[in-house]
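Below is one structure; the comments refer to it alone.
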Amino acid sequence: MAGSVFGDRLPLARRFAEHLVTSGVERGLIGPREAPRVWDRHVLNCALVAELVPDGARLVDVGSGAGLPGIPLALARPDLGIVLIEPLARRVEWLREVIADLGLSVTVERGRAEETVVRRRWEGADVVTARAVAPLARLAGWSLPLLRPGGILLAMKGATAQAEIERDAAAVRRFGGGVPRIERAGVGVIDPPSTVVVIERVREAGKPDRPRRRRGQA
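Take 1 as the starting number for the sequence shown in the UniProt record's numbering and just add one per residue.
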């Protein structure tokens, strides 16, 4: 199962899991109670989102924390160009140490997605990912400006995904997003599969939809 996800990088994925349950716990990136389920709940769960990511995509992971989902995606999909955005210095230091140990070509940016300098540096991405970062409305405001038109936000969510969509759809629209939809990644591989809210950037924030032309109108 894991071999089909990570291929010949499976040993590196296991090494990443070991980092999470040792130094990741010691330095407060994940809670000690998560250690026994780190493989299925964190590493594999995140890597399976790769099936929603286009080939060769430029991907920005917002609020990366312990490198989730960015590092598992980098391990599963070496074709991706990945940037991890994380504001906390101690987490950035840990991420850079782990990336160096795994020999991955992944960039770590210390900052917040909503900061102008960060946005200008990394805007035009094909995909933005986020896991347990913020409610959907706030996350859309931070993430959609980083995307090119037609790019997609992949927000990993839990059981509240549908409720968040219903509550925040209007805010998502104001920030330039299309109609959010739910995708399940890893069906038949993990139980339950990963729940991902997918939002396409369809226009600039604050701009209204183009009015539909009437028949016969030039």
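C-beta atoms are modelled at their ideal positions from N, C-alpha and C, and glycine is treated no differently. Every value quoted in this text rests on a predicted model; they were computed, and no experiment measured them.
To the nearest angstrom, how far is the alpha carbon of residue i from that of residue j?
i, j, result
"R14", "G3", "11 Å"
"D79", "D8", "14 Å"
"R112", "V189", "33 Å"
"V62", "T195", "17 Å"
"I199", "V98", "30 Å"
"F16", "A130", "19 Å"
"P211", "V92", "Caution applies to P211, whose pLDDT of 47 falls short of 50 and renders its modelled position unreliable; the model cannot decide the point."
"A137", "R184", "21 Å"
"P180", "V128", "14 Å"
"I82", "E123", "13 Å"
"V49", "L73", "7 Å"
"residue 222", "I30", "Any question about residue 222 goes unanswered here, given that the chain covers just 1 to 218."
"T116", "P135", "21 Å"
"L12", "P192", "24 Å"
"V133", "C46", "14 Å"
"E26", "V5", "28 Å"
"E18", "I71", "13 Å"
"P87", "V187", "33 Å"
"G28", "L84", "18 Å"
"E114", "G176", "15 Å"
"R203", "A125", "14 Å"
"A159", "A140", "19 Å"
"V197", "R58", "19 Å"
Run through DSSP, which three-state label would residue i get?
i, result
"S194", "strand"
"P87", "coil"
"I165", "helix"
"L136", "helix"
"T160", "coil"
"L104", "coil"
"G177", "strand"
"L68", "coil"
"A205", "coil"
"P93", "Just to set this straight, residue 93 is Glu in the shown sequence, not Pro. Helix."
Taking DSSP's pairing of strands, which residues face residue i in a bridge?
i, result
"G81", "R58"
"E109", "I85"
"G124", "According to DSSP, which records beta bridges pairwise, G124 is partnered with nothing at all."
"I182", "V197"
"I152", "V127 and E200"
"L147", "A125"
Exposed or buried, residue i, counting other C-beta atoms within 10 Å across all chains shown (16 or more means buried)?
i, result
"G56", "exposed"
"A66", "buried"
"I165", "buried"
"P145", "buried"
"S23", "exposed"
"V106", "buried"
"E109", "buried"
"G151", "buried"
"R148", "exposed"
"D40", "exposed"
"R77", "buried"
Original post:
Which residue spans inside the stretch 4-40 form an unbroken alpha helix (DSSP H) run of at least 4?
Top reply: 10-19
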